[in-house]
Amino acid sequence: MPDGTHKLPRKRLTADEPSPASVFLDVPNMPWEETKFPGIKCKTLYSDGTGMATLLLEMEPGAEVPLHEHTAIEQTYVLKGHFLDEEGECLPGQFVWRPAGNTHVAWAGAEGATVLGVFLKPNIFADGRKFFTEENQG
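Taking the UniProt record's numbering, the leading residue of the sequence shown gets 1, the next gets one more, and so forth.
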């Protein structure tokens, strides 16, 4: 429990400089952004411009993320609904991670899905479209 006596900014432990500030987001009040995929909206929680991103994705029933290959590990936590691919399915509270090189199509079940996705590098899509990079967001 904090004692409330420390003044911000706190000093770093590994360098003689102030600790960088945390970034807090009011996610419920952030607008949903349309994506290039029909029936899929997102809220960008973090993006560094190189393809590393944390996205909240809202998928309508049956919405599909088309054939793509992961160039680095991808992590997905299901908050609501049903999230599937050819290898399996996740329900609320379940988690799936995919290694670099994993190639698949993913889609939402009949009730749709809300998922939190963490991407380290941009995916490569079979149709050539760009997604999950800051310069090509959506």
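From the three backbone atoms N, C-alpha and C, an ideal C-beta is built for every residue, glycine too.
Item: Terminal residues of the beta strand (DSSP E) in which H82 lies; Value: E74 to D85
Item: Spatially closest choice to E33 from T44, V27 and L25, by CA coordinates; Value: T44
Item: First through last residue of the beta strand (DSSP E) which encompasses T105; Value: Checking the sequence shown, residue 105 turns out to be Val, not Thr. Note, V105: beta strand (DSSP E), T103 to F119.
Item: Segment contact, 8 Å Cβ cut-off, at least three pairs: the segment 13 to 32 with the segment 73 to 90; Value: no
Item: Nearest to P122 (by Cα), restricted to the options W97, T50 and W107; Value: T50
Item: Member of P92, G112, A106 and H68 whose CA lies at the smallest distance from the CA of R129; Value: H68
Item: Proximity to G81 [Cα-Cα], best of N102, M59, F125 and E87; Value: M59
Item: Residue interval of the beta strand (DSSP E) (run including W97); Value: F95 to R98
Item: Reduced DSSP category for P18 - H, G, I as helix; E, B as strand; rest coil; Value: strand
Item: Alpha-carbon to alpha-carbon, V115 and F24; Value: 20 Å
Item: Status (buried if at least 16 other CB within 10 Å, exposed otherwise) for V105; Value: exposed
Item: Given G93 as reference, the closest of P61, F83 and E64 once Cα atoms are compared; Value: F83
Item: Rounded separation between W107 and D85 - CA only; Value: 6 Å
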